[in-house]
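Protein chains in written order, with this note's numbering: chain A, 1 to 210; chain B, 1001 to 1210.
Glycine included, every Cβ here is placed at the ideal spot set by N, Cα and C.
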């Protein structure tokens, strides 16, 4: 049922729903209505139903959704029914923070290799993963069949690292460097701009005044 | 013209448009069409027009938008025509990365105070800002009339810090701790979940296969 026309906002909400369903499931709750989900995550019930409707029929009218089934189905839609093999390039402050970020592992994103060009970092380990020199990136990422690359290097190195990741065969790149990267069309690229989060806040602070 | 009904996805796109307009303006381009903006940022021209229409009439039919005016207008909508006074709490790896993040300052988010409870960090400076003990948070944040708090402390400390920020009078909180925080309704709260970015990628990688 997947198509390429699903709005990104829907995908992000599906991610939020699945986290909420994980919580609900832990409490031992068996069935849930779209209204309960809506209230739990702070959107309208109609939005929940619309988001889920992109992916076919779920639930039973008047009964609601089976929590475990719906959670499993959403995780599958998001591509999270399997683990993903991730490489991280650039072990500065942000890279360190990302390596220690528990939320990745919980959702099945496993950092299996780390690269840096700082000789004082190479050979050390982060969460049991050895830091390797960037010169080995293409070989190791290819060998590991790594699917996702996270770029947390300075702007000046970002395109070179991107080219190496593409050469090594990754399918997707998450870029934290504030620079526009060139990738072939078959590579999924997402740029993370942390300032945007603050801008949503300041917009809302402003909107309260009207 | 602002209302509370603007979709968050629109706000995020406005942020993207404004960055693109900054680039275009630097190149000395005077006017731009919605089609040009759309192509530059990778959305449809109809989407650009729809997003801008939330905020009234811009541009001249057949001529397009004046780049400088449109950029200024969007920044004003986003609340970025003034600088924001920001405090950062928790100077771990992520806190360090956020303090060094140039994108904040470029968009007018100025980190004017930093707090931590680690005595080896207190008294040191980050980008000219002294790290202070958490005990001084309420007093200093109040005195500085700080509007935004960034939380990059461990989960166990996040609610306590939130309460202190609220007590000190911030209007908005950006939370990086993976925990649900309780705030009064007048406080704008945004939780940043870095794993969601990977999930949008894996969804798209999956969607390509269908």
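If only uninterrupted beta strand (DSSP E) runs of at least 3 residues are considered, those enclosed by the segment 1078-1122 of chain B are 1084-1089 and 1109-1116. Bounds of any alpha helix (DSSP H) do not take in residue 1181 of chain B, whose DSSP letter is neither H nor E. Contact annotation: residue 1171 of chain B and residue 1148 of chain B have beta-carbon atoms nearer than 8 Å. For the pair residue 1014 of chain B and residue 1051 of chain B, the CB atoms are nearer than the 8 Å cut-off. Neighbours of residue 1101 of chain B across chain A, judged by C-beta separation under 7 Å: 194.
Listed in chain order, the non-local C-beta contacts of residue 88 of chain A below 7 Å within the same chain comprise 95, 98, 99, 111, 114, 150 and 152, local neighbours out to five positions each way being set aside.
Counting only Cβ-Cβ distances below 9 Å, residue 79 of chain A has contacts in chain B at 1199, 1201, 1202, 1203, 1204, 1205, 1206 and 1207, in chain order.
Counting only residues of its own chain and dropping the five nearest sequence neighbours on each side, residue 86 of chain A has a CB closer than 8 Å to the CB of 104, 109, 110, 111, 112, 146, 147, 148, 149 and 150.
Within the same chain, Cβ atoms closer than 7 Å to the Cβ of residue 179 of chain A are found at 155 and 158, the five residues on either side in sequence being excluded. In the same chain as residue 1188 of chain B, and ignoring 5 residues on each side of it, the C-beta atoms closer than 6 Å to its own belong to 1172, in chain order. Secondary structure at residue 65 of chain A: strand, using DSSP grouped into helix, strand and coil.
Under the Cβ distance rule, residue 156 of chain A does not count among the residues neighbouring chain B, no pair being separated by less than 8 Å. The Cβ atoms of residue 1020 of chain B and residue 1074 of chain B lie no closer than 8 Å to each other. Spatial neighbours of residue 142 of chain A in its own chain (CB-CB distance under 8 Å, excluding positions within 5 residues in sequence) are listed in chain order as 168 and 169. By the Cβ neighbour-count rule, residue 27 of chain A is exposed, with fewer than 16 other Cβ atoms within 10 Å of its own. Assignment of residue 1029 of chain B by DSSP, reduced to helix, strand and coil, places it in the coil class.
The beta carbon of residue 178 of chain A falls within 8 Å of a beta carbon belonging to chain B, placing the residue at that interface. Considering only beta carbons, the part of the segment 1096-1129 of chain B lying closer than 8 Å to chain A consists of 1096, 1097, 1098, 1100, 1101, 1102, 1103, 1104, 1106, 1107 and 1109, in chain order. In this structure the segment 1029-1036 of chain B touches the segment 1057-1071 of chain B; the number of beta carbon pairs closer than 8 Å is three or more. Exclusion of the five residues before and after residue 1174 of chain B leaves 1150 and 1190 as the residues of its chain whose Cβ lies within less than 6 Å of its Cβ. At the C-beta level, residue 1024 of chain B and residue 1038 of chain B stay beyond 8 Å of one another. The continuous alpha helix (DSSP H) containing residue 45 of chain A extends over residues 45-53. Listed by position along chain B, the residues whose Cβ is nearer than 8 Å to that of residue 21 of chain A form an empty set, because the closest Cβ is around 14 Å away. Within the same chain, and ignoring the five residues on either side of residue 181 of chain A in sequence, the residues whose Cβ sits closer than 7 Å to its Cβ are 158, 159, 162, 175 and 189.
Its chain contains 52, 65, 70 and 73 as the residues whose beta carbon lies nearer than 7 Å to that of residue 58 of chain A, once the 5 sequence neighbours on both sides are disregarded; these appear in chain order. In this chain, the beta strand (DSSP E) harbouring residue 129 of chain A covers 129-133. For residue 1072 of chain B, no CB of chain A lies under 8 Å from its own CB, so it is not counted at the interface with that chain. Between residue 200 of chain A and residue 1008 of chain B, the C-beta gap is smaller than 8 Å, which places the two residues in contact. Residues of chain A with a Cβ closer than 8 Å to the Cβ of residue 1145 of chain B do not exist, since the nearest Cβ in that chain sits about 14 Å away. When the Cα atoms are used, residue 1165 of chain B and residue 138 of chain A turn out to be separated by approximately 46 Å. Residue-level contact by beta carbon fails for residue 29 of chain A and chain B, as no gap is shorter than 8 Å. Chain B places a beta carbon closer than 8 Å to that of residue 190 of chain A, counting this residue as a contact.
Those residues of the segment 40-52 of chain A placed with their C-beta closer than 8 Å to a C-beta in chain B do not exist. Counting the other CB atoms within 10 Å of its CB gives residue 1131 of chain B a total of 16 or more, which places it among the buried residues.
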